[in-house]
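If you read the sequence shown in full-length UniProt numbering, its first letter stands for residue 1, the second for the next number, and so on. Even glycine gets a Cβ: it sits at the ideal position worked out from N, Cα and C. Nothing here was measured: the structure is a model prediction, and the numbers come from that model.
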Amino acid sequence: MDGQIVFDDPENLSFRVDRRAYTDDDVAAQEITKIFDRCWLYVGHESEVPELGSYVSRDVGGRPVVMARGSDGVIRVLANSCPHRGALICSQSTGQARSFRCPYHDWTFSNQGDLVGVPLPDGYGPGFRKSDFGLARHRSDSYRGFVFATFDPEQPLTLTEHLAGATEYLDLIADQSEVGMEVIQGAQLHGARANWKLMMENSVDIYHFRALHKRYVSYIESLGTMAPRRRGGFARALGRGHGANELVPAAARPLAYWTPMFPPEVRSRMEATAARFVERFGAERAQRITGANRALMIFPNLMIIDAIGITIRKIDPVSAGQMSITSVALAPQDEDPDIRELRKSHYLTFLGPAGFATPDDIEIIESCQRGYLNRTLRHSDLSRGMAKEVPETTDELPAREFWRQWDRLMHDDDREEGHHLTRRAERQGGQRR
């Protein structure tokens, strides 16, 4: 990569990013080859393919794939491209099938990816073997139901190694149900005329909450919930580009945190749920699961926001100045129907693409992208909180962790010792005691 992009100066408490990172087409092209072609990337949740033969198809890292649970019960991530001439073998976003058929020449593949049918096979020579023409199977793995894949056959890290400290936060989410979490049917597909990294930064930026989301603050206060001006909690760098914020809720949480936003008749049930979590996990961990909000950023392009609802947000680059966003809601499988309806309603009210928050966020990051056209101002500042012993939730430590990993990969330097830079130069923040 030509020229320095990230200016990381802990000694002088300064962290700046050259705005070319958000606008330059060459940088955007290099991100695909150096980051998305190499990293573990989020594909989906195991609950999206619950039955034998069930599948979902989507783009991951710019590549069309199918996540399918084969007839043998194994979840695989398959290339959604016929090895014969390249056509998509699955055009539906979700479904259930024993096989996939390419519409071009009727080549047929099992739901495990094996080629099982070829019309007029005598047209091929004696050396033609079906076993040589199965669907490409991408290396994949899952952690607590979250499925990831990598397109790099030489990727040295296991998924757990890649996730590093993010596993702690995935555990806090997965432990919200004794029987398992599930993606609620339906997804929100939208985009923004801005660089994808702006949405990653925005999603872990708590500093903007009261300034940008005034309408939502007024709304919840009108329902009897007072949003605290300083919400406590902390920001954390979790290694390998991942980061998180953990903080006092500004509103209710449908798992077991009642405020007047919710009907009074569900209060006793939610308090009983909270008590059960104390029995299961002890008071401190139960409080973190049921009584704290969190925003988890998993490098490079996954955000999980656990607040008034849980959203899994996959943020994909389209070009230097455009992104696509796929959001789904996650919930406990054993949730009461009326609590589920509250969850869905408030999820859409705040986190949905037409809710209080997301349109504000889209508008402001598009404003940033337009502002970058004035090239007199070359850098964005992400220094907030560098002087603090324990960074607060309004500090920018998670974003700095993202950019440090981005910089390492863009310079082909993902050596293990590079991941100790932040520990030497800057406090990690909020380590559990």
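{"Check": "Alpha carbon of Tyr257 to alpha carbon of Thr290, nearest angstrom", "Outcome": "6 Å"}
{"Check": "Among Arg294, Gly3, Ala275, Asp334, nearest to Glu246 - alpha-carbon criterion", "Outcome": "Arg294"}
{"Check": "The segment 315–331 touching the segment 211–218, judged by at least three CB pairs closer than 8 Å", "Outcome": "no"}
{"Check": "Beta-carbon proximity of Phe7 to Arg20, cut-off 7 Å", "Outcome": "no"}
{"Check": "Thr23, enclosing alpha helix (DSSP H) - first and last residue", "Outcome": "20–23"}
{"Check": "Classification of Thr422 by the beta-carbon crowding that lies within 10 angstroms, buried from 16 upward", "Outcome": "Confidence in Thr422 is poor, its pLDDT being 47 and thus under 50, which makes the residue's placement too unreliable to answer from."}
{"Check": "Given Tyr372 as reference, the closest of Asn195, His242, Lys344, Gly73 once Cα atoms are compared", "Outcome": "Asn195"}
{"Check": "CA-to-CA distance, Gly309 to His162, given in whole angstroms", "Outcome": "26 Å"}
{"Check": "Minimum C-alpha distance to Phe133 - residue among Gly123, Gly125, Gly113, Gly145", "Outcome": "Gly113"}
{"Check": "Stretch-stretch touch, CB-based, cutoff 8 Å, three pairs: the segment 269–284 with the segment 141–156", "Outcome": "no"}
{"Check": "Same chain, Cβ closer than 6 Å to Arg101, five either side skipped, listed in chain order", "Outcome": "Thr108"}
{"Check": "Exposure label - Gly70; buried when at least 16 CB within 10 Å", "Outcome": "buried"}
{"Check": "Other residues of its chain near Glu182: CB distance less than 6 Å, five sequence neighbours each side excluded", "Outcome": "Ser47, Gln333"}
{"Check": "Burial state of Pro50, where buried means 16 or more other Cβ atoms lie within 10 Å", "Outcome": "exposed"}
{"Check": "Proximity below 7 Å, CB of Val204 to CB of Pro398", "Outcome": "yes"}
{"Check": "Among Val118, Gln176, Arg137, Ala136, nearest to Arg129 - alpha-carbon criterion", "Outcome": "Val118"}
{"Check": "Nearest-angstrom Cα separation, counted from Tyr347 out to Ala387", "Outcome": "35 Å"}
{"Check": "Inter-residue Cα distance where the pair is Gln369 and Arg313", "Outcome": "20 Å"}
{"Check": "Alpha-carbon spacing of Arg38 relative to Pro264, whole angstroms", "Outcome": "50 Å"}
{"Check": "Opening and closing residue of the beta strand (DSSP E) in which Phe151 lies", "Outcome": "Element bounds for Phe151: n/a, residue is neither H nor E."}
{"Check": "For Glu366, the nearest candidate out of Met199, Asp25, Leu170 (CA to CA)", "Outcome": "Met199"}
{"Check": "Three-state secondary structure (DSSP) of Leu382", "Outcome": "coil"}
{"Check": "Ranges of the beta strand (DSSP E) found wholly within the segment 198–273, counting only runs of at least 3", "Outcome": "234–239, 242–247"}
{"Check": "Beta-carbon contacts of Asp2 that lie in its chain and below 6 Å, excluding the five residues immediately before and after", "Outcome": "none"}
{"Check": "Three-state secondary structure assigned by DSSP to Leu330", "Outcome": "strand"}
{"Check": "With 16 other Cβ atoms within 10 Å as the buried cut-off, status of Asn202", "Outcome": "buried"}
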